[in-house]
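Undergrad:
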Amino acid sequence: MKLILFKKTDAKVAVENLDDLWYLSSIIDPGDIVEGKTERKIKIGESGDRNQKVIKKIVFLKIAIENIEFHQYASILRVSGKIVDGPEDIARGSYHTFNVEPNTTIKIIKEEWLRFQSEKLKEACEKATPKVLICLFDREDCYIAVLTKQGYKILTNLKGNVAKKQETKSMTTNFYTEILDSLKEYDSRYSASNIILASPAFWKEDFLKNVKDQDIKKKFVLATASSVDEKAINEVLKRPETQTVLKSDRVAKELKLVEQLLDEISKEGLAVYGIKETKTAIDAGAVKILLVTDHIIQKLRLQQKFNSLNKLMKNADKVGADIVIISSDHDAGKKLDGLGSVAAILRYKLTY
-2 MKLILFKKTD AKVAVENLDD LWYLSSIIDP GDIVEGKTER KIKIGESGDR NQKVIKKIVF
58 LKIAIENIEF HQYASILRVS GKIVDGPEDI ARGSYHTFNV EPNTTIKIIK EEWLRFQSEK
118 LKEACEKATP KVLICLFDRE DCYIAVLTKQ GYKILTNLKG NVAKKQETKS MTTNFYTEIL
178 DSLKEYDSRY SASNIILASP AFWKEDFLKN VKDQDIKKKF VLATASSVDE KAINEVLKRP
238 ETQTVLKSDR VAKELKLVEQ LLDEISKEGL AVYGIKETKT AIDAGAVKIL LVTDHIIQKL
298 RLQQKFNSLN KLMKNADKVG ADIVIISSDH DAGKKLDGLG SVAAILRYKL TY
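Heads up, the sequence shown stops at 349 in the working numbering, and the numbers go up one at a time, no gaps.
1. Report the residue from Arg136, Ser223, Leu243 whose alpha carbon sits nearest the alpha carbon of Leu130.
2. If contacts are defined as beta-carbon pairs under 8 angstroms, then Ala340 and Leu333 qualify, I think. What distance do you get, rounded to the angstrom?
3. Answer with buried or exposed for Arg186, where buried requires no fewer than 16 other C-beta atoms within 10 angstroms of its C-beta.
4. For Ser179, collect the residues of the same chain with a Cβ closer than 7 angstroms to its Cβ; drop the 5 residues on either side in sequence, then sort them by chain order.
5. Counting only runs that start and end within the segment 266 to 324, where is the beta strand (DSSP E) found for 3 or more residues in a row?
6. I want to know whether the segment 293 to 308 touches the segment 218 to 229 - three or more CB-CB distances under 8 angstroms.
7. Out of curiosity, what's the CA-to-CA distance linking Asp135 and Asp203?
8. Below 8 angstroms, how does it come out for the segment 315 to 325 and the segment 263 to 272: are there three or more Cβ pairs, yes or no?
9. Consult DSSP for Thr153 and reduce its assignment to one of helix, strand or coil.
10. Between the Cα of Lys276 and the Cα atoms of Ile262, Ser23, Asn307, which residue gives the shortest distance?
11. Give a yes or no on whether 8 angstroms exceeds the smallest Cβ distance from Cys122 to chain D.
12. Express the C-alpha separation of Cys132 and Gly148 in angstroms, rounding to a whole number.
13. Cα separation between Gly157 and Pro237?
14. For Arg173, I'd like the list of residues in its chain whose CB is within less than 7 angstroms of its CB, leaving aside the five on either flank, ordered along the chain.
15. For a test of the three-state rule: what should DSSP assign to Lys161, helix, strand or coil?
16. Quick test of your reading: Leu16 and Lys150, contact by CB under 8 angstroms. State the CB separation rounded to the nearest angstrom.
17. Shortest alpha-carbon distance to Lys315 belongs to which of Gly90, Gly330, Ile286, Lys215?
18. Between the C-alpha atoms of Lys79 and Lys311, what's the straight-line distance to the nearest angstrom?
19. Under a Cβ-count criterion, where at least 16 other Cβ atoms within 10 Å of its own Cβ denotes burial, should Lys162 be classed as buried or exposed?
20. Given this structure, state the Cα-to-Cα distance separating Asn100 from Tyr345, to the nearest angstrom.
21. Of the residues Gly83, Val76, Ile320, Gly33, which one's Cα is nearest the Cα of Ile65?
22. Could you check the C-alpha separation between Ile106 and Leu288 for me, to the nearest Å?
In structure tokens form, the structure reads like this:
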């Protein structure tokens, strides 16, 4: 995302990719004003006239936001609400939806930018971090994924053959070749900085022996996994071997924070979970880090029940807590959703 303008209440941004839409879905709130160019159906002619026409026209509108819907797989963010300003032939108070997608420019106007919202905007506008590929495999199965700011995206699932004992070596070598060809293709497409090569047992070392291309070989980082499936990708992201590679990656940080939360919960230490318990901790000024999933934010917005959570987050911001929006697309977010979607790591333990 490119930040064109940022003043006390206004931020003008140019959307560049899908990750930007995810960030904006967490930043834009009901009650905000969004303005920009948009397509609108305009009626030409008198009402009831048989010759009345409806045309599509690009207009400049301001709308007061009521609903925010992020459609990840359609690569679109829909923000809708009542029109507060625009051309004279468009009625104020009528409804309109902005379809925000890559190559869209919009301005977001808030009464107040919370600290975590400003930080997320800054994070979204930072120079794109290098892409990291993950290759998780054994002789029968292979998953190749790319890390995104929301989590990870499976690029392909390759299937090897369960060979007879005497055929194992040649069949495995053929599967290695197929894996390497796919890695080269995705490395070229994403300009990967590193490729995490993970497997149970000795498969990764055996694979590496067959790689002669030094340009791709120097990108490999080896990691251990207990199995080969999508769940094991989350396991690989937590491995100490991969932490150096992922130290600047948001997903790795989210995984680490949720693991810290779960550890504190298990020993009845510096953690609370659930909206009611978290609110009590915020009111006491005890919250160090507030964790909220993007799933609960989107769910409550759709149900028109977001105000209570929004107030909770504003109060946390006022007492100096860090607020981290956790993506529900990866393992950390799913675990947090299982705890009620809202939790906190505390500065000190509460006594009830």
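Ideal Cβ placement from N, Cα and C applies to all residues, glycine included.
TA: Quick look at the numbers:
1. Leu243
2. 6 angstroms
3. exposed
4. Ile141, Thr153, Leu155
5. 268 to 270, 284 to 290, 319 to 323
6. no
7. 10 angstroms
8. no
9. strand
10. Asn307
11. Structure shown: chain D not included; a single protein chain is present.
12. 15 angstroms
13. 28 angstroms
14. The sequence shown places Tyr at residue 173, not Arg. Closer than 7 angstroms at the Cβ level, and outside the excluded window around Tyr173, lie Phe204, Asn207.
15. Caution applies to Lys161, whose pLDDT of 49 falls short of 50 and renders its modelled position unreliable; the value that the coordinates give is listed next. Lys161 falls in the coil class under three-state DSSP.
16. One point to set straight first is that residue 16 is Asp, not Leu, in the sequence displayed. 11 angstroms between Cβ atoms; not a contact.
17. Ile286
18. 24 angstroms
19. Because Lys162 carries a pLDDT of 48, less than 50, the predicted location of this residue cannot be relied on, and the following value inherits that uncertainty. Its Cβ having fewer than 16 others within 10 Å, Lys162 is exposed.
20. 46 angstroms
21. Val76
22. 25 angstroms
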